[in-house]
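Undergrad: What follows is a structure written as structure tokens; I'll ask about it next.
Numbering (the working numbering), first residue to last: 1 to 69.
And the structure:
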């Protein structure tokens, strides 16, 4: 399955919107030269939300294997 915006949209509008907002917040912090720890925190949050959308999409498609803990 392709990891596209259209595919991610199937994960649900609220989850996708959260992920996109987190990505934008991270990029804004980078652009504004915010402190490194803040940028790192925002990057981790954005990465986590993006991966959650991907995992949900794969789960919905039946392609996600073992649950990762």
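From the three backbone atoms N, C-alpha and C, an ideal C-beta is built for every residue, glycine too.
(1) If you reduce the DSSP assignment to three classes, tell me which class residue 32 lands in.
(2) Measure the C-alpha to C-alpha separation of residue 37 and residue 30 and round it to an integer number of angstroms.
(3) In chain order, what residues of the same chain have a beta carbon less than 6 Å from the beta carbon of residue 42, not counting five sequence neighbours either side?
(4) Is the beta carbon of residue 46 closer than 8 Å to that of residue 22?
(5) Near residue 49, what residues of its chain come up, given a Cβ to Cβ distance below 6 Å and the 5 sequence neighbours on each side ignored?
(6) Distance check for residue 51 and residue 14, CA to CA, integer angstroms please.
TA: Considering the structure as presented:
(1) For this step, residue 32 is matched to residue 32 along the chain shown. Looking at residue 32 - three-state DSSP - the assignment turns out to be coil, as it is neither helix nor strand.
(2) As a first step, residue 37 is located in the chain shown; it is residue number 37 there, counting from the start. As a first step, residue 30 is located in the chain shown; it is residue number 30 there, counting from the start. Each residue's Cα considered, the two are about 11 Å apart.
(3) What you label residue 42 is simply residue 42 of the chain shown in a count that begins at 1. Same-chain partners within the cutoff: 25, 26, 29.
(4) The residue you call residue 22 lines up with position 22 of the chain shown. The residue you call residue 46 lines up with position 46 of the chain shown. Contact: yes.
(5) By one-based count along the chain shown, residue 49 stands at place 49. Here the set comprises 18, 19, 22.
(6) Residue numbering aside, residue 14 sits at position 14 when the chain shown is read from its first letter. Residue numbering aside, residue 51 sits at position 51 when the chain shown is read from its first letter. Rounded to whole angstroms, residue 14 to residue 51 spans 15 Å at the Cα level.
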